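Just below is one structure, and these are the notes that go with it.
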Amino acid sequence: MSAARFDRAAPLLREESVDSTNLYLRRLSQSAADGTAVVAASQTAGRGRSGRGFLSPEGGLYLSVLRRPEVEPERLPTLTPVAAVAVCRAVEAVCGLSCGVKWPNDVLLDGKKICGILVESVLGTERPCVIVGIGVNANTPSFPEELRPVAGSIFTQTGKTVDLDALAAELLAQLDALYAGWLADGGSAVLAEYRRLCLNPGREVLVGGRRGRALSVGDDYSLLVRWEDGAEEALRFGEVSVRGLY
Ligand code: BTN
Numbered sequence: 020m021s022a023a024r025f026d027r028a029a030p031l032l033r034e035e036s037v038d039s040t041n042l043y044l045r046r047l048s049q050s051a052a053d054g055t056a057v058v059a060a061s062q063t064a065g066r067g068r069s070g071r072g073f074l075s076p077e078g079g080l081y082l083s084v085l086r087r088p089e090v091e092p093e094r095l096p097t098l099t100p101v102a103a104v105a106v107c108r109a110v111e112a113v114c115g116l117s118c119g120v121k122w123p124n125d126v127l128l129d130g131k132k133i134c135g136i137l138v139e140s141v142l143g144t145e146r147p148c149v150i151v152g153i154g155v156n157a158n159t160p161s162f163p164e165e166l167r168p169v170a171g172s173i174f175t176q177t178g179k180t181v182d183l184d185a186l187a188a189e190l191l192a193q194l195d196a197l198y199a200g201w202l203a204d205g206g207s208a209v210l211a212e213y214r215r216l217c218l219n220p221g222r223e224v225l226v227g228g229r230r231g232r233a234l235s236v237g238d239d240y241s242l243l244v245r246w247e248d249g250a251e252e253a254l255r256f257g258e259v260s261v262r263g264l265y
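See below:
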């Protein structure tokens with residue numbers, strides 16, 4: 020039995036199986052308190068970015084947190100890299116493993132994606148909110164062949180089994196702390212940490228068939244890229260994702 024403690028003021032819901040922890044909180048979004056979190060052992064319809072699914076068998080950690088930030092909507096996209104920093108911190112603290120981030124927000128361990136993050140807004144309602152959803156491939160033993168070149172888990176990469184409760188508790192604690200900082204400063208305090216974790220600078224970038232090289236991460240978490248024709252562009256977080264790191 021895990022000794023992990025979930026010391027949070029906001030409600031924490033534990034479920035065996037849900038369709039998607041993001042959808043679960045979306046259904047509660049008009050009544051749930053700020054900070055409400057749900058942790059599930061598996062998902063039957065895990066949601067990924069750009070309308071993709073997210074494979075969510077038992078062995079992974081699937082959690083979402085509902086937040087009601089009173090900030091300009093343009094600030095919301097930077098919540099995602101802040102969540103990626105929280106994941107890296109939690110994996111380091113619980114497993115002693117150093118992860119990196121493939122811009123904008125895939126967490127990689129030893130060249131494989133072990134975590135995906137999906138931040139969704141529920142706007143135009145009486146009680147708008149954002150839902151920060153995080154899926155960590157922790158103890159997932161294997162992946163379907165088509166995902167194997169890209170996806171891995173902490174288990175497949177290290178042979179170590181993770182205490183899921185300990186990881187969930189640490190991740191929620193890191194998220195809560197980083198969210199409080201993000202509310203105050205828009206994420207500038209963790210920008211240096213994100214820059215250290217980001218694996219793209221110096222590597223090739225491929226966006227919609229266009230090739231270039233990543234130069235650096237901007238103050239707004241954008242990725243500065245120099246294209247093959249020499250033109251430079253800041254890719255804005257939330258608008259594109261880059262390929263070329265696996
Ligand atoms: C991605 O890499 O495309 C994002 C994947 C996000 C998956 C997590 S798992 C918990 C939460 N619930 C979901 O349905 N999706 C997110």
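First residue of the sequence shown: 20, per this note's numbering; consecutive thereafter. Don't be surprised by glycine CBs; every beta carbon is placed ideally from N, CA and C. Please read these numbers as outputs of a predicted model, since none were measured by experiment.
Chain-order list of residues whose beta-carbon lies under 8 Å from that of residue i (same chain, five-residue window excluded)
| i | result |
| --- | --- |
| Arg68 | Gly135, Leu137, Ser260 |
| Ile173 | Val110, Cys114, Leu116, Leu128, Ile133, Val155, Asn156, Ala157, Asn158, Lys179, Val181 |
| Thr97 | Trp201, Gly205, Gly206, Asp239, Tyr240, Phe256 |
| Trp246 | Arg229, Arg230, Gly231, Glu252 |
| Gly249 | none |
For residue j and residue i, the rounded distance between their alpha carbons
| i | j | result |
| --- | --- | --- |
| Leu85 | Glu212 | 24 Å |
| Ala203 | Val101 | 13 Å |
| Leu218 | Asp184 | 28 Å |
| Arg215 | Cys118 | 11 Å |
| Gly70 | Ala112 | 32 Å |
| Gly143 | Lys121 | 32 Å |
| Arg24 | Gly72 | 31 Å |
| Gly65 | Arg94 | 26 Å |
| Ser140 | Ala233 | 29 Å |
Minimum C-alpha distance to residue i - residue among the options
| i | options | result |
| --- | --- | --- |
| Thr159 | Pro88, Gly249, Thr177 | Thr177 |
| Ala188 | Gly228, Ile133, Ala105, Arg94 | Ala105 |
| Pro163 | Gly154, Thr175, Ile153, Gly152 | Thr175 |
| Arg27 | Val155, Val151, Leu191 | Leu191 |
| Asn124 | Ala103, Lys132, Glu93, Cys107 | Ala103 |
| Asp129 | Ser83, Pro92, Val169 | Val169 |
| Val45 | Arg146, Ala199, Leu98, Tyr198 | It is worth fixing the name first, because residue 45 is Arg in this sequence and not Val. Nearest of Arg146, Ala199, Leu98, Tyr198 to Arg45, Cα basis: Arg146. |
| Ser235 | Arg222, Gly228, Arg229 | Arg222 |
| Phe256 | Thr99, Leu32, Glu77 | Thr99 |
| Arg131 | Gly152, Ala112, Ser161, Glu139 | A small correction: the amino acid at residue 131 is Lys; Arg does not occupy that position in the sequence shown. The shortest C-alpha separation from Lys131 is found at Ser161. |
| Ile150 | Arg262, Gln49, Gly78 | Gln49 |
| Leu61 | Glu77, Arg262, Val226 | The identity of residue 61 in the sequence shown is Ser, whereas the question assumes Leu. Cα-wise, what sits closest to Ser61 is Glu77. |
| Leu32 | Ser83, Ala64, Glu139 | Ser83 |
| Gln193 | Glu139, Ile153, Ser75, Pro92 | Ile153 |
| Arg87 | Asp195, Ser75, Gly171 | Asp195 |
Sequence-distant residues of its chain with Cβ nearer than 6 Å to residue i (five each side left out)
| i | result |
| --- | --- |
| Ala59 | Glu34, Val37, Thr40, Tyr81 |
| Tyr43 | Val37, Val57 |
Sequence-distant residues of its chain with Cβ nearer than 7 Å to residue i (five each side left out)
| i | result |
| --- | --- |
| Ala29 | Ala52, Asp53, Gly54, Thr55, Ala56 |
| Gly237 | Leu243, Ala253 |
| Leu197 | Val101, Val104, Ala105, Val209 |
| Arg262 | Leu225 |
| Ser75 | Ser61, Gln62, Gly65, Tyr81, Gly154 |
Min CB distance residue i to chain D below 8 Å
| i | result |
| --- | --- |
| Gln62 | Here there is only one protein chain, and chain D is not present. |
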